[in-house]
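**Student:**
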Amino acid sequence: MKKVFVSFDFDNDKRLKDFLAGQAKLPDSPFTMIDWSLREAAPELSWEQKAEKRIIASDVVIVLVGHNTWRARGVLKEVAMARRNGIKIVQVTSLENAKRVENAGTLYRWNWDNLKKLLA
Numbered sequence: 082m083k084k085v086f087v088s089f090d091f092d093n094d095k096r097l098k099d100f101l102a103g104q105a106k107l108p109d110s111p112f113t114m115i116d117w118s119l120r121e122a123a124p125e126l127s128w129e130q131k132a133e134k135r136i137i138a139s140d141v142v143i144v145l146v147g148h149n150t151w152r153a154r155g156v157l158k159e160v161a162m163a164r165r166n167g168i169k170i171v172q173v174t175s176l177e178n179a180k181r182v183e184n185a186g187t188l189y190r191w192n193w194d195n196l197k198k199l200l201a
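Here the working numbering = 1-based position in the sequence shown + 81.
1) Rounding to the nearest angstrom, what Cα-Cα distance links LEU107 and PHE100 in this structure?
2) Any idea what DSSP makes of LEU107, helix, strand or coil?
3) So, are the CB atoms of LYS197 and PRO111 less than 7 angstroms apart?
4) Rounded to whole angstroms, what is the Cα-Cα separation between ASN166 and VAL160?
5) Give the straight-line distance between the Cα atoms of LEU199 and VAL171, rounded to the nearest whole angstrom.
6) Let me confirm a value: LYS98 is counted as buried when at least 16 other C-beta atoms fall within 10 Å, else exposed. Which label applies?
7) Flag this pair as yes or no: are the beta carbons of ASN93 and ASN149 separated by less than 7 angstroms?
8) Whose C-alpha, out of LYS180, THR113, ALA201, is nearest the C-alpha of LEU145?
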């Protein structure tokens, strides 16, 4: 089972994260997802340190791509942290004309078959 860190636009796409959490609970899921969203207001440096520790403890970072994810500062920082630490990044979307997040690799269609293949 892969340990997954989920990167998403906290201000606009929390529902996407909740949907992925539901998929992680399916009996044939190849991944586990621990909700590591940082809810508390914290100084930026503290937030970055916490996020990076959580990313390093993961096997894969999944970027959930919504309408504005490509410019969400937190997502861009998390992608940079994953790159710096050699953590695999997979970005997925259910939108027709989604703009991919820079430096996060290929943008895949978000469906159950793709997730199982990408995270197996």
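From the three backbone atoms N, C-alpha and C, an ideal C-beta is built for every residue, glycine too.
**Tutor:** Let's see:
1) LEU107 and PHE100: Cα-Cα distance of roughly 11 angstroms.
2) Here LEU107 carries a coil assignment [DSSP, helix/strand/coil].
3) Yes. Within cutoff.
4) Roughly 10 angstroms separates the two Cα atoms.
5) Approximately 8 angstroms between the Cα atoms of the pair.
6) Answer is buried; the Cβ neighbour count reaches 16.
7) Between ASN93 and ASN149, the C-beta spacing is below 7 angstroms.
8) Measuring from the Cα of LEU145, the nearest candidate turns out to be LYS180.
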